[in-house]
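Have a look at the structure below before the remarks.
2 protein chains.
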Amino acid sequence: MKQIGVGLLGFGTVGAGVAEGLGRNRALLSDRLGVDVVVRRIADLDLTTDRGVALEPGVLTNDAEAVIADPAVDIVVELIGGCGAARRLMMAALEAGKSVVTANKKLLAEHGEEIFALAQKKNVDIYFGASVGGGIPIVRVLREGLVGNAVVRIHGILNGTCNYILTRMETEGLPFGTVLADAQRLGYAEADPALDIDGFDTAHKASILALLSYGFHVPMDAISVEGIRGLDGMDVQFARELGYRIKLLACVARADGEVEVLVSPTLVPLDHMLASVSGVFNAVMVRGDMTGDTLYYGRGAGREPTASTVIGDIADIARNLRTRQARHSRAVQITRSPPRLRPVAGMRNAFYLRLMVKDQPGSLGRFTSILGNHGVSIAAVMQKAGGGAVDGFVPVVALTDPAIEANLEQALDEIAAVGVVSERPVRLRLLQA
Amino acid sequence: MKQIGVGLLGFGTVGAGVAEGLGRNRALLSDRLGVDVVVRRIADLDLTTDRGVALEPGVLTNDAEAVIADPAVDIVVELIGGCGAARRLMMAALEAGKSVVTANKKLLAEHGEEIFALAQKKNVDIYFGASVGGGIPIVRVLREGLVGNAVVRIHGILNGTCNYILTRMETEGLPFGTVLADAQRLGYAEADPALDIDGFDTAHKASILALLSYGFHVPMDAISVEGIRGLDGMDVQFARELGYRIKLLACVARADGEVEVLVSPTLVPLDHMLASVSGVFNAVMVRGDMTGDTLYYGRGAGREPTASTVIGDIADIARNLRTRQARHSRAVQITRSPPRLRPVAGMRNAFYLRLMVKDQPGSLGRFTSILGNHGVSIAAVMQKAGGGAVDGFVPVVALTDPAIEANLEQALDEIAAVGVVSERPVRLRLLQA
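Sequence lines, in order, name chains A and B. Going by our numbering, the first sequence opens with residue 1, and the numbers climb by one from there. Going by our numbering, the second sequence opens with residue 434, and the numbers climb by one from there.
Now the structure itself:
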């Protein structure tokens, strides 16, 4: 049976999972693929830590260039992460005519254009299934299974750390800071949690989903990103009382010929499939023009789930290499007529508002009339009798009908200025059916 | 741009959806694929009904053989259904060296062996994505995305008619017959609903999932199939009170080296993702040894969702044909060492039992001791005070711990024989975490 050689760059959590999985399921894979996939070389700076994976002598090296240059390596798998060495080595691998697999969402979101262009030029495969959704094969689904669909919209829970924190805030009634500290202790959150909780990791993935759906590169600075830092437990509980659960959602959508990309904590109706996604799990709902709503759910991170998707990508390239000499570029198709990206101010969304209102007659009427003046109409209002009063201000919660974001922001500025509230109102978005 | 010609066999609901979808999204598809996919010929016995799809003159014919033989047709799409003409024409297309796409689950479940063998022999592609799950790309996910995983188990809601009926029975408290009649009136159930409600459609799909997961053909008569006909609304409500929702599940699993395939109404815990799947939607939960649990959700039938998956398959073959002359068979890999299929009597499951027990002292103790004698232990019992008494018999509901099916059946026979119950107890399976 023909052998296909794999070279790993990076022997951390996911790298060890890939080496272990390819070893454990080697017979099953060769049965399914008709080729034998073998890890030939692994490059890492750390040559001593025991990853619990048995390797032949000479496989592990600290010379990444040698792995790329090795003629026995057909596929280079980049699992270093970040935009430094990873970027340089990935470009070198493509330049050397090697097919590449990567899980590096940051690199693709920030430098995807040059990477895909080089892959196209060298006519080699580049696969990045594990860059979004970990063990969920959502990239493959968009590139292949739903290829006949125009994507209407995508809503994704793409960060397990945030979803874990939000789940515990709701079920245990705990404040954000307490759960974050706990998540850090348990290893579900990094010591520096900013990339996750401020929404940038989700935004990297949203950029890749937009590229796959609409065929153009969405730069990070064009994406409106709000994270969950500072989310008040009060709002989690009020949302629940109104029949919603707060999730950090990436939203990628097409509206009136423009594309919207947005990351923000969003109220999801309890009977929506995304509301059932709890703990560290991820899920992506894709509405295609032909399929209608479809959903993909699984573990969005972790050694084995991520390695599973990396191995799925390796398998595809191995199948390609089995049957032909000339390689078949699967580089992302960039559309000849990219749509316009809509700024957040022009988007139309429904909102949850929570105002700390002066507990005196007329306060409620004052803020509803300001909203009305800016074209924002209210669908529901809830005032908690007694509960939650702070220094003579009581929480009032309102759900709005869909409104232009800029109008809503102006109304909130005005409400904050007239002095019937103790602080600028909290506003969160609602997932619209 | 190179053109790839498609020939459709069958111009019914799905056929019209495929022709319409390929037309509407033609520019998008050629952008994504680098080839232009064109419907060249369509064969159907009915040449007059207007399907609302504009066709060039000469495309529609009643000569299916001519479509297969047409040199301008690269890909033959079989959408006739059943095992008569569909089988003969599919074999003819493969024999003629044409790649084939089909949505015909019955044909694959009953004659898959000869079909896959011929495709292999002729070295042509055969794709059948739409045979399971309609618009959900579950076949592709198993063949490609999760290819590096040993499948631990699959649980699927694979029949929209049954799920629609079960959803309405629960939410509206209606009896089975009423909802079925309503579903027939609304077009969600066939005039002859047996294929759906007796579980055979689900079993066809389970057989295909087992083939994809474990690489061997599971004949229909080897699958234990129970449908939802005659499911008592009382059990739907009791299940709900116990924190479960009844779903018709296909179960495909590996246990101790043997493979289990089973179709039956099953109690799913309310907080399980499958419990959130309501109405005509389908979903499949796949537990891979690397990914852990993943779930795929969407519309399991209907013109456009099914056509979406057929087009995804056509697109794959078109990509293959774009880059090479020699075709690359994706015929299903049959394992060299097929596992043993476990008979239902040897399976180990937890159960929901509902007994109509004589309302007199000692009845309860009598049935628990008989269960105990057969090694079946009870995890919970619920007796409704007052409610549901029929002719002096009252419903008692019990949940068991996992037990061997044969032991449970013997115990139920014995309970029925000793006369403390008015009928053989109702028993349903529980989804185990």
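Glycine included, each C-beta is placed from N, C-alpha and C at the ideal position.
Within its chain, find whatever has a CB closer than 8 Å to the CB of residue i; leave out the 5 residues flanking it on each side and keep chain order.
i, result
"A:Glu95", "Leu118 and Lys122"
"B:Gln758", "Only weak support is given to the placement of B:Gln758: the predicted model assigns it a pLDDT of 44, under 50, and the question is left unresolved by the model."
"B:Arg760", "Low per-residue confidence applies at B:Arg760: pLDDT is 43, beneath 50, and the placement is therefore not dependable enough to give any value."
Around the C-beta of residue i, are 16 or more other C-beta atoms found within 10 angstroms, so that it is buried, or is it exposed?
i, result
"B:Gly852", "exposed"
"A:Leu47", "exposed"
"B:Gly733", "buried"
"A:Gly58", "exposed"
"A:Asp271", "exposed"
"B:Lys435", "exposed"
"A:Met356", "buried"
"A:Val390", "exposed"
"B:Ala627", "exposed"
"B:His650", "buried"
"B:Thr482", "exposed"
"A:Arg41", "buried"
"A:Asn159", "buried"
"B:Pro504", "exposed"
"A:Gln333", "buried"
"B:Ala831", "buried"
"A:Ser131", "buried"
"B:Ser646", "buried"
"B:Arg862", "buried"
Please classify residue i: does DSSP put it in a helix, a strand, or coil?
i, result
"B:Glu842", "helix"
"A:Ala301", "coil"
"B:Asn596", "helix"
"B:Asp668", "helix"
"A:Gly292", "strand"
"A:Asn104", "coil"
"B:Lys638", "helix"
"B:Leu861", "strand"
"B:Asn782", "strand"
"B:Ala583", "coil"
"B:Val692", "strand"
"B:Tyr647", "helix"
"B:Arg687", "strand"
"A:Gln333", "coil"
"A:Phe176", "helix"
"A:Glu110", "helix"
"A:Met1", "coil"
"B:Lys680", "strand"
"B:Ser697", "strand"
"B:Gly825", "coil"
Return no unless some Cβ of chain B is closer than 8 Å to the Cβ of residue i.
i, result
"A:Tyr214", "no"
"A:Ile311", "yes"
"A:Tyr296", "yes"
"A:Arg140", "yes"
"A:Glu304", "yes"
"A:Asp74", "no"
"A:Arg240", "no"
"A:Asp293", "yes"
"A:Asp401", "no"
"A:Ser99", "no"
In its own chain, which residues sit with a C-beta less than 6 Å from the C-beta of residue i, not counting the 5 before and 5 after it?
i, result
"B:Arg775", "Glu691 and Glu693"
"A:Gly134", "Arg299, Gly300, Ala301, Pro305 and Thr306"
"B:Val468", "Lys435, Ile437, Ala751 and Arg755"
"A:Ala345", "Glu405 and Ala406"
"B:Ala672", "Ile679 and Leu700"
Take residue i and list the residues in its own chain whose beta-carbon comes closer than 7 Å to its own, dropping the five residues that flank it on each side.
i, result
"A:Asn407", "His374, Gly375 and Val376"
"A:Ala392", "Per the sequence shown, the amino acid found at residue 392 of chain A is Gly instead of Ala. Contacts found: Lys358 and Asp359."
Shorter than 8 Å from the beta carbon of residue i to some beta carbon of chain A?
i, result
"B:Pro702", "no"
The stretch 575 to 609 of chain B: positions lying closer than 9 Å to chain A by Cβ
Arg576, Glu577, Gly578, Leu579, Val580, Gly581, Asn582 and Ala583
Chain B contacts from the stretch 28 to 49 of chain A (Cβ-Cβ distance under 8 Å):
Leu28, Leu29, Asp31, Arg32, Leu33 and Gly34
Note down, in chain order, all residues in the stretch 328 to 355 of chain A with a beta-carbon under 8 Å from any beta-carbon belonging to chain B.
His328, Gln333, Thr335 and Arg336
Against chain A, which members of the stretch 705 to 724 of chain B pass a CB distance test of less than 7 Å?
Using a CB distance below 7 Å, the part of the stretch 705 to 724 of chain B facing chain A consists of Met706, Ser709, Gly721, Met723 and Thr724, ordered along the chain.
Please list the residues of the stretch 121 to 139 of chain A that have a C-beta atom closer than 8 Å to any C-beta atom in chain D, keeping them in chain order.
Annotation note: the requested chain D is absent from the structure, which comprises protein chains A and B.
Please list the residues of the stretch 443 to 460 of chain B that have a C-beta atom closer than 7 Å to any C-beta atom in chain A, keeping them in chain order.
Gly454 and Asn458
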